[in-house]
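Going by this note's numbering, the residue at position 90 of the sequence shown is 83; the numbering climbs one at a time, nothing skipped. Ideal Cβ placement from N, Cα and C applies to all residues, glycine included. A short write-up of the structure that comes next.
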Amino acid sequence: FFHAVKEENGMYYDQKEIGTRIAKLRKENGLTQEQMAEELNISASYLGKIERGIQAPSLPLLIELAVFLKSTTDYLLMGYDLRQENPKELIDSVIAQLGLLKQKL
């Protein structure tokens, strides 16, 4: 199992960073590992291993973590926080990219 994999766009899948983001969100929600583990029906030791980057969460658990922490799987996996994006800038960027694609047709 790979702990860090570089994507073509320069972003990384980094198991340790995933754990760091999960721990950060847990703390922001004022929860201990034990409290969050109980809510998710997993052991505190398993959650600790995830937060330290020793073990990766399963896909179903990753989705459950995102919902529980009021986050997204994009943020947990890659650090993308689409909620922080400026919607107007995002729309303008998409329109510009579509314009370039249209010119190529």
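Residue i lies in the alpha helix (DSSP H); which residues open and close that run?
i	result
residue 16	8 to 21
Report yes if the C-beta distance between residue i and residue j is below 7 angstroms; otherwise report no.
i	j	result
residue 46	residue 81	no
residue 14	residue 69	yes
residue 41	residue 28	no
residue 86	residue 18	no
residue 44	residue 16	yes
On the CB-based measure, 16 or more other CB atoms within 10 Å of its CB, does residue i come out buried or exposed?
i	result
residue 21	exposed
residue 94	exposed
residue 53	exposed
residue 74	exposed
residue 67	exposed
residue 100	The requested residue 100 is not part of the displayed model; the chain covers only -6 to 98.
If you compare alpha carbons, which of the options is closest to residue i?
i	options	result
residue 12	34, 55, 27, 89	55
residue 23	62, 72, 71	62
Quick one: does residue i have its CB under 7 angstroms from some CB of chain D?
i	result
residue 69	Considering every chain present, this structure includes no chain D. It has just one protein chain.
Subject >> Minimum length 4: unbroken alpha helix (DSSP H) runs contained in the stretch 33 to 81 >> reply: 37 to 44, 52 to 61, 66 to 71
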